[in-house]
Every structure is written in C-alpha cells, then in structure tokens.
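The sequence shown maps to residues 29 to 336 in the working numbering. Heads up, the thing below is written out as structure tokens.
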Amino acid sequence: MKHLLDSMDLSIQDIDDLINLAIHIKNNRTMYRDVCKYKKLATLFYEPSTRTRLSFEAAMLELGGSVLGFSSANSSSASKGESVADTIRVVSSYADIVAMRHPLEGAPMVASRFSRIPIINAGDGGHNHPTQTLTDLLTIKSEKGRLDNITIGMCGDLKFGRTVHSLAKAMCRYENVKFVFISPKELRVPDYLKDELKEHNFTNYTETESLEMAIPELDILYMTRVQKERFFNEADYIRLKDSYILDMEKMSLAKSDMAILHPLPRVNEISVKVDNDPRALYFKQAEYGKYIRMALICRLLEVETYEN
Ligand code: NCD
29 MKHLLDSMDL SIQDIDDLIN LAIHIKNNRT MYRDVCKYKK LATLFYEPST RTRLSFEAAM
89 LELGGSVLGF SSANSSSASK GESVADTIRV VSSYADIVAM RHPLEGAPMV ASRFSRIPII
149 NAGDGGHNHP TQTLTDLLTI KSEKGRLDNI TIGMCGDLKF GRTVHSLAKA MCRYENVKFV
209 FISPKELRVP DYLKDELKEH NFTNYTETES LEMAIPELDI LYMTRVQKER FFNEADYIRL
269 KDSYILDMEK MSLAKSDMAI LHPLPRVNEI SVKVDNDPRA LYFKQAEYGK YIRMALICRL
329 LEVETYEN
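Have a look at this one:
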C-alpha cells in the first residue's frame with residue numbers, strides 16, 4: 029500500500045490488519061506516542077471538514093509527529109489558480125504524508141501521480157471516502173464483533189453521498205452481507221455503483237423509499253445527510269432535505285441491538301432525542317476515526333508497530 033485513494037485499494041486482509049492495529053493502538057496509547065517523531069502530515073483540505081481533518085491531525089500528534097496544511101481552498105494558492113499537480117510536487121518536499129480532500133472526483137488520484145510521498149484520499153467529491161469507510165468498519169467490528177452476516181440499511185442521499193459509495197464497495201466482499209438502500213427516487217445509488225457491486229458478484233441488495241418498512245430487519249442503520257453542496261439547484265435540495273428523520277417512534281420498530289451509524293455532520297436526519305438511545309453509536313464512531321487513522325499513518329509511513 030503506497031497511497032489510499034479508494035476503499036477498493038484495501039484487501040480484506042489489509043482491512044483486518046488496520047483494524048487490529050487500531051485496536052492495539054487504542055489499548056496501548058503510550059507505546060505509540062513517539063513512533064512518528066520527526067514525521068510531518070500535511071492536511072490539504074479544499075473542502076470543509078471538521079472530523080476528518082481534526083482526527084487526522086489528532087492522530088498524527090498522538091503518534092508524536094507534527095502537522096501542517098490548509099483547511100480551505102481560499103487560504104491556499106488554489107485560489108490563485110495553482111493546479112493540484114504543482115501543489116503536491118511542492119508539498120512532497122515539505123511533508124512525509126498527505127491527507128487531501130477535494131470537491132473534484134479523482135483529484136487525490138491525480139495528486140498521487142505527482143507525489144513522492146503517500147497520499148490519502150480524505151474525500152473526493154461524491155466519489156469515495158476510504159478513511160471514513162475504515163472508521164465505519166472499525167466501529168462495526170468493535171461494536172458488533174463481526175463484518176459478515178450483517179444486514180445494513182443505508183439511508184438518505186445515496187446519490188451524492190461518498191461515504192455510502194465507499195462503504196458499500198468495501199462491505200460487499202464479506203460473507204452474507206445484505207444492503208437495504210433507503211432513499212427518495214431522485215437520490216438513489218448511482219448505476220455505476222451497482223455495476224461495481226455486480227463486478228464483485230454482489231446482488232444481495234434491495235431499494236426502498238420507506239425507512240419504516242425497512243428498519244425492522246436491520247442490524248445497522250447508516251444514516252446520511254442530504255448533500256446540499258452537490259445539488260445543481262436549490263429547489264431540489266429544499267424539496268428533498270427532510271425526506272427522512274429518524275426519531276424515537278421509528279426506533280421503536282427497530283431491533284433492540286440495531287446500531288445507528290452516521291459519518292456526521294448531522295443536519296436534522298436524526299432527532300437529538302435519539303442521541304440518548306444506547307443504539308446511537310455515531311459519536312463513538314467519530315472517536316474510532318482517530319484510531320484507524322493512526323493505524324493507517326503507521327502503515328503508510330512503514331513505522332514499527334507492536335501489535336504482535
Ligand atoms: C462525510 C463526508 O465528508 O463525506 N463527513 C465526514 O467525513 N465525516 C459526510 C458528509 O459530509 O455528509
């Protein structure tokens with residue numbers, strides 16, 4: 029593994045390895061506090077972020093390294109017209125590893141072609157978000173004890189939501205996994221994603237518009253925000269933004285151990301009353317994000333680890 033651009037860059041074995049390392053780091057934090065000493069992480073964020081950027085920075089700092097970077101395109105030379113290729117050539121001589129978020133699909137891939145250091149895709153347009161997927165998988169493995177034999181409902185903006193695209197591709201390779209895609213017609217999963225699932229001989233999914241109908245069979249409900257910034261017109265966004273609101277009434281239809289995940293940020297698709305339900309795992313999920321990013325940085329920088 030040289031870069032991480034797409035969740036499909038990771039084999040099942042890579043995922044297992046990163047999850048094991050993340051759990052080891054979580055349980056033995058002092059052992060890892062210097063492993064990235066003198067290493068620098070550059071966070072190049074051309075799009076807004078709270079959790080992804082800060083968890084990357086916290087991850088590197090907890091490994092004893094340091095961080096530099098920018099948190100919006102406006103504060104970088106992109107606003108003067110500099111290309112990603114030129115920026116990355118330069119950053120390659122300032123840092124040891126890069127986490128990049130960009131509104132254009134494929135931008136981190138372009139960066140990887142011009143980079144002398146590992147590039148991590150921290151979200152590219154509506155396409156992929158592999159470190160969120162790793163976060164989701166670590167959460168599921170830790171909280172459910174397995175990544176197979178799972179029925180997972182993905183609800184909300186399945187058209188533009190990169191976290192869903194990334195997670196579906198990664199999870200379709202595990203045994204006896206079923207997806208229930210819950211969305212309004214206009215926000216269904218794109219055909220290209222269905223084609224990619226088919227390439228992996230995965231057809232075990234259904235599509236529905238009704239969260240109430242779907243919820244009773246789910247082991248996991250993965251809620252998502254309607255992605256305002258990717259709509260072409262505001263009227264469509266306004267019409268679709270309140271399509272689903274998970275509240276306690278709907279939760280009463282769910283299994284007693286159904287886990288609720290959400291990559292966050294939440295707008296209004298989960299009522300705040302649900303936060304106190306023990307099945308609500310989204311804030312814990314955000315914490316897992318730091319540990320899996322620590323594991324990923326260790327692997328990409330090939331530093332010594334102590335899990336075995
Ligand atoms: C997600 C993203 O950026 O795609 N957020 C995150 O990284 N945790 C989800 C979203 O913005 O809705």
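We put the CB at the ideal spot given by N, CA and C, even for glycine. Here the structure is a predicted model, which is why all the values come from computation and not from measurement.
Keeping to the same chain, check which residues put their C-beta closer than 6 Å to that of residue i; ignore five residues upstream and five downstream.
{"i": "residue 199", "result": "205"}
{"i": "residue 152", "result": "130, 133, 135, 136"}
{"i": "residue 166", "result": "47, 50, 316, 320"}
{"i": "residue 142", "result": "113, 116, 117"}
{"i": "residue 276", "result": "301"}
Considering only residues of the same chain and omitting the five flanking positions on each side of residue i, which have a CB-CB separation below 8 Å?
{"i": "residue 238", "result": "210"}
{"i": "residue 329", "result": "64, 67, 124, 125, 146"}
{"i": "residue 264", "result": "214"}
{"i": "residue 110", "result": "104"}
With DSSP collapsed to three states, give me the class of residue i.
{"i": "residue 252", "result": "coil"}
{"i": "residue 233", "result": "strand"}
{"i": "residue 71", "result": "strand"}
{"i": "residue 206", "result": "strand"}
{"i": "residue 33", "result": "coil"}
{"i": "residue 317", "result": "helix"}
{"i": "residue 162", "result": "helix"}
{"i": "residue 238", "result": "coil"}
{"i": "residue 247", "result": "coil"}
{"i": "residue 61", "result": "coil"}
{"i": "residue 66", "result": "coil"}
According to the neighbour-count rule (16 or more other Cβ atoms, all chains shown, within 10 Å of its Cβ), is residue i buried or exposed?
{"i": "residue 185", "result": "buried"}
{"i": "residue 174", "result": "exposed"}
{"i": "residue 300", "result": "exposed"}
{"i": "residue 97", "result": "buried"}
{"i": "residue 149", "result": "buried"}
{"i": "residue 285", "result": "exposed"}
{"i": "residue 312", "result": "exposed"}
Identify, in the order they occur along the chain, each residue of the same chain with its Cβ nearer than 7 Å to the Cβ of residue i, setting aside the five sequence neighbours on each side.
{"i": "residue 140", "result": "31, 33, 147"}
- Taking only runs that begin and end inside the region 175-202, name each unbroken beta strand (DSSP E) of 3 or more residues, in chain order. 178-183
- Query: For the region 95-156, which segments carrying the alpha helix (DSSP H) assignment without a break, of at least 4 residues, lie completely within its bounds, in sequence order?
  - Reply: 112-119, 135-142
- Could you name the residues, in chain order, whose CB is less than 7 Å away from a heavy atom belonging to the ligand NCD? 77, 79, 80, 151, 157, 160, 189, 190, 191, 252, 253, 255, 291, 292, 293
- Item | Continuous beta strand (DSSP E) assignments of at least 3 residues falling wholly in the region 254-308 | 287-289
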